[in-house]
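Colleague:
Number of protein chains: 2
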Amino acid sequence: MTDDALLTDLYELTMLHAYFRRGMARTAVFDLAVRTLPRGRGFLVAAGLEQAVEYLERLRFGPADLDWLAAEGRFGRDFVEFLGRLRFTGDVDALPEGTVFFPDEPVIRVTGSLPEAQLVESRLINLLHFQTLIASKAARVVLAAAGKVLVDFGMRRAHGAEAGLLAARATYLAGFSASATVLANVRFGIPLSGTMAHAFVQAHDDEADAFGGFAAVDPEHAVLLLDTYDTEAAAAKVVALARTGVEIAGVRLDSGDLAGHAMNVRRILDAAGLQRVRIFASGNLDEHAVERLVAAGAPIDGFGLGTRVDTSADAPYLDCAYKLVEYAGRPRRKRSEGKTTWPGRKQVYRRYDRDGRLAGDMVTVDGDPQPGTPLLVPVMRAGRRVGSPPALEAIRAHGAAELARLPDPLRRLDDPGVYAVTIAPALERLAQIVDAG
Amino acid sequence: MTDDALLTDLYELTMLHAYFRRGMARTAVFDLAVRTLPRGRGFLVAAGLEQAVEYLERLRFGPADLDWLAAEGRFGRDFVEFLGRLRFTGDVDALPEGTVFFPDEPVIRVTGSLPEAQLVESRLINLLHFQTLIASKAARVVLAAAGKVLVDFGMRRAHGAEAGLLAARATYLAGFSASATVLANVRFGIPLSGTMAHAFVQAHDDEADAFGGFAAVDPEHAVLLLDTYDTEAAAAKVVALARTGVEIAGVRLDSGDLAGHAMNVRRILDAAGLQRVRIFASGNLDEHAVERLVAAGAPIDGFGLGTRVDTSADAPYLDCAYKLVEYAGRPRRKRSEGKTTWPGRKQVYRRYDRDGRLAGDMVTVDGDPQPGTPLLVPVMRAGRRVGSPPALEAIRAHGAAELARLPDPLRRLDDPGVYAVTIAPALERLAQIVDAG
Chain A
2 MTDDALLTDL YELTMLHAYF RRGMARTAVF DLAVRTLPRG RGFLVAAGLE
52 QAVEYLERLR FGPADLDWLA AEGRFGRDFV EFLGRLRFTG DVDALPEGTV
102 FFPDEPVIRV TGSLPEAQLV ESRLINLLHF QTLIASKAAR VVLAAAGKVL
152 VDFGMRRAHG AEAGLLAARA TYLAGFSASA TVLANVRFGI PLSGTMAHAF
202 VQAHDDEADA FGGFAAVDPE HAVLLLDTYD TEAAAAKVVA LARTGVEIAG
252 VRLDSGDLAG HAMNVRRILD AAGLQRVRIF ASGNLDEHAV ERLVAAGAPI
302 DGFGLGTRVD TSADAPYLDC AYKLVEYAGR PRRKRSEGKT TWPGRKQVYR
352 RYDRDGRLAG DMVTVDGDPQ PGTPLLVPVM RAGRRVGSPP ALEAIRAHGA
402 AELARLPDPL RRLDDPGVYA VTIAPALERL AQIVDAG
Chain B
2 MTDDALLTDL YELTMLHAYF RRGMARTAVF DLAVRTLPRG RGFLVAAGLE
52 QAVEYLERLR FGPADLDWLA AEGRFGRDFV EFLGRLRFTG DVDALPEGTV
102 FFPDEPVIRV TGSLPEAQLV ESRLINLLHF QTLIASKAAR VVLAAAGKVL
152 VDFGMRRAHG AEAGLLAARA TYLAGFSASA TVLANVRFGI PLSGTMAHAF
202 VQAHDDEADA FGGFAAVDPE HAVLLLDTYD TEAAAAKVVA LARTGVEIAG
252 VRLDSGDLAG HAMNVRRILD AAGLQRVRIF ASGNLDEHAV ERLVAAGAPI
302 DGFGLGTRVD TSADAPYLDC AYKLVEYAGR PRRKRSEGKT TWPGRKQVYR
352 RYDRDGRLAG DMVTVDGDPQ PGTPLLVPVM RAGRRVGSPP ALEAIRAHGA
402 AELARLPDPL RRLDDPGVYA VTIAPALERL AQIVDAG
């Protein structure tokens, strides 16, 4: 993660400059919420909160930042000194990572002095938007995979280094089993999984020699790639290798008719008594392809997913905004055409049916208790984290529990049902009061 | 940029482990090329080479990386020591950044010992793919904008920190004028541009007071956001502010019918003698929206583009691959179904018509001179950069010259023409020889 406080939009600094000149530093409350679901999507999965909290804890303008600000020309020296002293000392309430949520429900609520709560807008959106985007996409793959192993292969086509690393985290918390990205293990302890590239086979004059050489190093983990030249011929070479006493962990199919090749390869392996050798498939897969392969009964034990998940290719962004909802004790809302927001500090209450499935949410003003469970929980108070950081495994378990609570219509990949999110009368009234203003 | 050598795929390390055990360290040549254009796209713009070269220059496993590798369990101590000594000492030839290119044309060719040239695959793709993706998208906006000012607003919804920063660079080299991302100025010297957020207006009880307070700090740069409540009423407040002697730089429209509001606001400003106040528009814009607004004659001086450009929303990834094309003096190719690659070291020759427009490319083997200009140029030799790093302004000028050389059919946003890329007979013959092989 970058800790650079200058990774922000210019307008955050120019607005802070004006707030500073005007002495505007009373308490502001901002909400980050998604306005609409991407087409064909039924729900979202909150993610990125841990990195958001780390950002807020560490936020400061260092000496080099202050030098740049002073030299830039548009900021007064007293304002630059103010920025040098600025820390995030506010409160944060948020959905725990892994929580299923819907439009109009705040993912995070930031309460702090106006400059502090304003400044953090750009990077908070940047962190929360991306992991939420990827966790939401990955959760659909998890639903489609019906329990099969899923591995994140996407770093190379993720949008830069941080995207590659955080996509590994977001897919893992949504239910993937592992990532190919080494740094994801170093930083987050995410299990690693990898196979081999076509280049390895091509660098050898003989495919069987390539297989033997790769397997010899670490047969227990070796997954051999079969499709460099001819998939079924390559499977026969795996059998020949096993006859020399080298039994590998698995094989990977990466092109062509994956279901057909998987059936052929399974038959070849089984006929040689290699029932324990697992078959992995990859190649521009997404939740729809996984669903089709599972439905076809293809004997595939696990899937490697990369580009389409790590870029959320069908919906590479969410329509979200970080909006001022209260300042100096007064609720606020914007009324721009098509972009009206709900004012005030909010809470979301969720009800469950007798099977524990989600049965409707109510968004209301904070302090207006409703039936059900409040979803936004305290995360920071006065700039400090409440409690210890949750372990990623605990977040992942929460994510799995959340997916298990999805009602059937929301589990459909296509044309999912619309979940009931109700605006409480108290919030409707507050909006009317603000509009009457 | 992260310099972490462990930002790679596990299989790069396990393949290197096997190469090490087998003593495979002869010269390998890899190509990075795009296989197919995204739907509706006519050309691509190469970008990211500077960051790729920096990565290769700095590549090393540091002490913490080596400790992780030793502790991981699957790597032998002698191999970990080998990694500790590993540096990139190979050659790189590439398309200069800003160059227009097409499928089957290598963006970069890496020549080095097999372990070195293999290891760098994951991060090289990660760096070159993303900036190429964004520069290619931004170039379309530049074509649509017909000379109007374009500003990158996209950091918040870019996929993480590095994506936000490098999207600013990629859009700038493709012809944007500025970015809102502060760090893009600090790191790359990209001009900054910013306006204000709705929150600033909402934090004030009175919109006119908000405008006055913001403008007072820096009227010369102040761009006031008009659509928090009512756009035309806000324009009247800009006029009132001017009557107090505070003349701002511009206004921004962010919602509703942008062309209609722009005409209304222009009329209101002009009637008050405020012809010099410029009008900017934003709000989920892309090249198509810009083209429509320009065609409608909307009096908009500049556009802020964010999400749809910084995520390349219609095509958030390119179908590209880094493929072994030669090892130990022998050309190589893969023949996976639907993913066949061209073998050998290649060069691309481009011809121009008498107006200087692109008139056809020929891809051939290196050392088979053809009419036209060779596009791949030497970038690194024996691990060191050839010449000095090009200035970003020079890259941007090259990008502008490249766009000016596009033939008319390729300039169309929809249903662009197909550019002629021919595979030379020498390359066809080489592929046949490899297949017979």
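Protein chains in written order, with the working numbering: chain A, 2 to 438; chain B, 2 to 438.
The beta-carbon is built from N, C-alpha and C at its ideal position, and this holds for glycine as well.
Note that the coordinates shown come from a computational prediction; the quantities given were computed from them, not determined experimentally.
#1: How long is the line joining the alpha carbons of B:Val387 and A:Ala162, rounded to whole angstroms?
#2: Tell me which same chain residues have a C-beta within less than 7 Å of the C-beta of A:Thr140, skipping the five on either side of it?
#3: Which chain A residues sit within Cβ distance under 8 Å of B:Ile126?
#4: Please list, in chain order, the chain B residues whose beta carbon lies closer than 8 Å to that of A:Met264.
#5: Note down, one range per segment and in chain order, each beta strand (DSSP E) of at least 3 residues found wholly within the stretch 214 to 286 of chain A.
#6: DSSP on B:Ala179, reduced to helix/strand/coil?
#7: According to DSSP, simplified to helix, strand and coil, what is A:Val387?
#8: Short check: CB of B:Tyr323 to CB of B:Ile135, under 7 Å?
#9: So, helix, strand or coil for A:Glu58, using DSSP?
#10: Does the Cβ of B:Gly246 have 16 or more other Cβ atoms within 10 Å, making it buried, or fewer, making it exposed?
#11: I need the DSSP call for A:Ala34, collapsed to helix, strand or coil.
#12: What residues are listed by DSSP as bridge partners for B:Gln102?
#13: With 7 Å as the threshold, decide whether the Cβ of A:Asp315 is near any Cβ in chain B.
#14: At the level of alpha carbons, what is the spacing between B:Met16 and B:Arg334?
#15: Applying a beta-carbon distance threshold of less than 8 Å, which residues of chain A neighbour B:Val1?
#16: Using only the alpha-carbon positions, how far apart do A:Val295 and A:Leu151 sit?
#17: For my contact list, A:Val326 and A:Phe31 are in at a C-beta cut-off of 8 Å; report their separation, rounded to the angstrom.
#18: Return the residues of the stretch 347 to 365 of chain A that lie within a Cβ-Cβ distance of less than 8 Å from chain B, sorted by chain order.
#19: Using only CA atoms, which one of A:Ser194, A:Ile191, A:Ala237 and A:Arg36 lies nearest to A:Phe212?
#20: With a 10 Å radius around its C-beta and 16 neighbouring C-beta atoms as the bar for buried, classify A:Arg267 as buried or exposed.
#21: According to DSSP, which residues form a beta bridge with B:Met16?
#22: Report yes or no: is there a C-beta of chain A within less than 7 Å of the C-beta of B:Leu184?
#23: A:Thr312 versus chain B: which residues are under 7 Å apart at the beta carbon?
#24: Can a CB atom of chain B be found closer than 7 Å to the CB of A:Thr112?
#25: Contact defined as beta carbons within less than 8 Å: I believe A:Ile191 pairs with A:Leu225. What is the distance between those atoms, to the nearest angstrom?
#26: Just how far apart, CA to CA, sit A:Val143 and B:Leu50?
#27: Buried or exposed: B:Glu13, going by 16 or more other Cβ atoms within 10 Å of its Cβ?
#28: Can you list the residues of chain A that B:Ser194 reaches, using a CB-CB cut of under 8 Å?
#29: Looking only at its own chain, which residues have a Cβ that is under 8 Å from the Cβ of B:Arg277, when we skip the five neighbours before and after it?
#30: Which parts of the stretch 324 to 379 of chain A are runs of the beta strand (DSSP E), unbroken and 3 residues or longer, counting only runs that do not cross its ends?
#31: Taking 8 Å as the threshold, find out whether the stretch 82 to 100 of chain A comes into contact with the stretch 364 to 379 of chain A through three or more Cβ pairs.
#32: Going by DSSP in three states, A:Leu87 sits in which element: helix, strand or coil?
#33: Can you give the Cα-Cα distance for A:Val108 and A:Ala34, rounded to whole angstroms?
#34: Alpha carbon to alpha carbon, how far is A:Arg253 from A:Gly284?
#35: Give me, in chain order, the residues of the same chain whose beta-carbon lies closer than 7 Å to that of B:Val202; leave out the 5 immediate sequence neighbours on both sides.
#36: Going by other Cβ atoms of all chains shown within 10 Å of its Cβ, with 16 needed for buried, is A:Thr341 buried or exposed?
Modeller: So, from the listed chains and residues:
#1: Along the second sequence, read from residue 1 onward, the residue named residue 387 of chain B stands at position 386. Along the first sequence, read from residue 1 onward, the residue named residue 162 of chain A stands at position 161. So the two alpha carbons sit approximately 26 Å from each other.
#2: The sequence position of residue 140 of chain A within the first sequence is 139, counting from 1. Checking the sequence, you will find Ala at residue 140 of chain A rather than Thr. Result list for A:Ala140: Val46, Ala175, Gly176 and Leu404, in chain order.
#3: Within the second sequence, numbered from 1, the residue matching residue 126 of chain B stands at position 125. Under the 8 Å cutoff, chain A gives Arg157 and Arg158.
#4: Position 263 of the first sequence, counting from 1, holds the residue named residue 264 of chain A. Within chain B, no residue comes near A:Met264; the closest Cβ sits about 16 Å away, beyond 8 Å.
#5: 224 to 226, 251 to 254 and 279 to 282
#6: Counting from 1 along the second sequence, the entry for residue 179 of chain B is found at position 178. It is a strand residue.
#7: Counting from one through the first sequence, the residue named residue 387 of chain A turns up at place 386. Here A:Val387 sits in coil by DSSP.
#8: Working through the second sequence from its first residue, we reach residue 323 of chain B at position 322. Working through the second sequence from its first residue, we reach residue 135 of chain B at position 134. No. Outside cutoff.
#9: Translated into the one-based positions of the first sequence, residue 58 of chain A becomes position 57. Correct three-state label for A:Glu58: helix.
#10: In the second sequence, counting from the first residue as 1, residue 246 of chain B sits at position 245. Burial call: exposed.
#11: Mapped onto the first sequence, residue 34 of chain A falls at position 33. Residue state, collapsed to three classes: strand.
#12: As a first step, residue 102 of chain B is located in the second sequence; it is residue number 101 there, counting from the start. Per the sequence presented here, residue 102 of chain B reads as Phe, with Gln not at that position. Answer is B:Leu45, bridged to B:Phe102.
#13: By one-based count along the first sequence, residue 315 of chain A stands at place 314. So no, A:Asp315 is outside the interface.
#14: As a working note, residue 16 of chain B is residue 15 in the second sequence. As a working note, residue 334 of chain B is residue 333 in the second sequence. Straight-line Cα distance between these residues: approximately 18 Å.
#15: For chain B, the structure presents residues 2 to 438; residue 1 of chain B sits outside this window and is missing.
#16: Position 294 of the first sequence, counted from the first residue, corresponds to residue 295 of chain A. Position 150 of the first sequence, counted from the first residue, corresponds to residue 151 of chain A. Distance between the alpha carbons of A:Val295 and A:Leu151 is about 13 Å.
#17: Stepping through the first sequence from its first residue, residue 326 of chain A is reached at position 325. Stepping through the first sequence from its first residue, residue 31 of chain A is reached at position 30. Correct: roughly 7 Å between the Cβ atoms.
#18: none
#19: Along the first sequence, read from residue 1 onward, the residue named residue 212 of chain A stands at position 211. Closest option to A:Phe212, Cα to Cα, is A:Ala237.
#20: Taking the first residue of the first sequence as position 1, residue 267 of chain A is located at position 266. Looking at its Cβ environment, which holds 16 or more other Cβ atoms inside 10 Å, A:Arg267 is buried.
#21: Position 15 of the second sequence, counted from the first residue, corresponds to residue 16 of chain B. Beta-bridge pairing links B:Met16 to no other residue.
#22: Within the second sequence, residue 184 of chain B is the residue found at index 183, counting from 1. Chain A, which has a Cβ nearer than 7 Å to the Cβ of B:Leu184, makes this yes.
#23: Indexing the first sequence from 1 puts residue 312 of chain A at position 311. The answer, in chain order, is Pro317 and Tyr318.
#24: Here the question's residue 112 of chain A lines up with position 111 in the first sequence. No, its Cβ sits nowhere closer than 7 Å to a Cβ of chain B.
#25: The residue given as residue 191 of chain A occupies position 190 in the first sequence. The residue given as residue 225 of chain A occupies position 224 in the first sequence. No, A:Ile191 and A:Leu225 are not in contact; Cβ-Cβ is about 24 Å, not under 8 Å.
#26: By one-based count along the first sequence, residue 143 of chain A stands at place 142. By one-based count along the second sequence, residue 50 of chain B stands at place 49. Near 36 Å, if we compare the C-alpha coordinates of B:Leu50 and A:Val143.
#27: To locate residue 13 of chain B, count along the second sequence from 1; it is residue 12. With 16 or more other Cβ atoms within 10 Å, it is buried.
#28: If you number the second sequence from 1, residue 194 of chain B lands on position 193. Ordered by position in chain A, the residues that pass the 8 Å Cβ test against B:Ser194 are Leu11.
#29: Here residue 277 of chain B refers to the residue found at position 276 of the second sequence. So the list reads Glu248, once near-sequence residues are dropped.
#30: 347 to 353 and 359 to 366
#31: yes
#32: Taking the first residue of the first sequence as position 1, residue 87 of chain A is located at position 86. Correct three-state label for A:Leu87: coil.
#33: Position 107 of the first sequence, counted from the first residue, corresponds to residue 108 of chain A. Position 33 of the first sequence, counted from the first residue, corresponds to residue 34 of chain A. Straight-line Cα distance between these residues: approximately 6 Å.
#34: Residue numbering aside, residue 253 of chain A sits at position 252 when the first sequence is read from its first letter. Residue numbering aside, residue 284 of chain A sits at position 283 when the first sequence is read from its first letter. So the alpha carbons of these two residues sit roughly 10 Å apart.
#35: Working through the second sequence from its first residue, we reach residue 202 of chain B at position 201. Cβ within range, chain order: Glu208, Ala211, Leu226 and Thr229.
#36: In the first sequence, residue 341 of chain A corresponds to position 340, counting from 1. Classification for A:Thr341: exposed.
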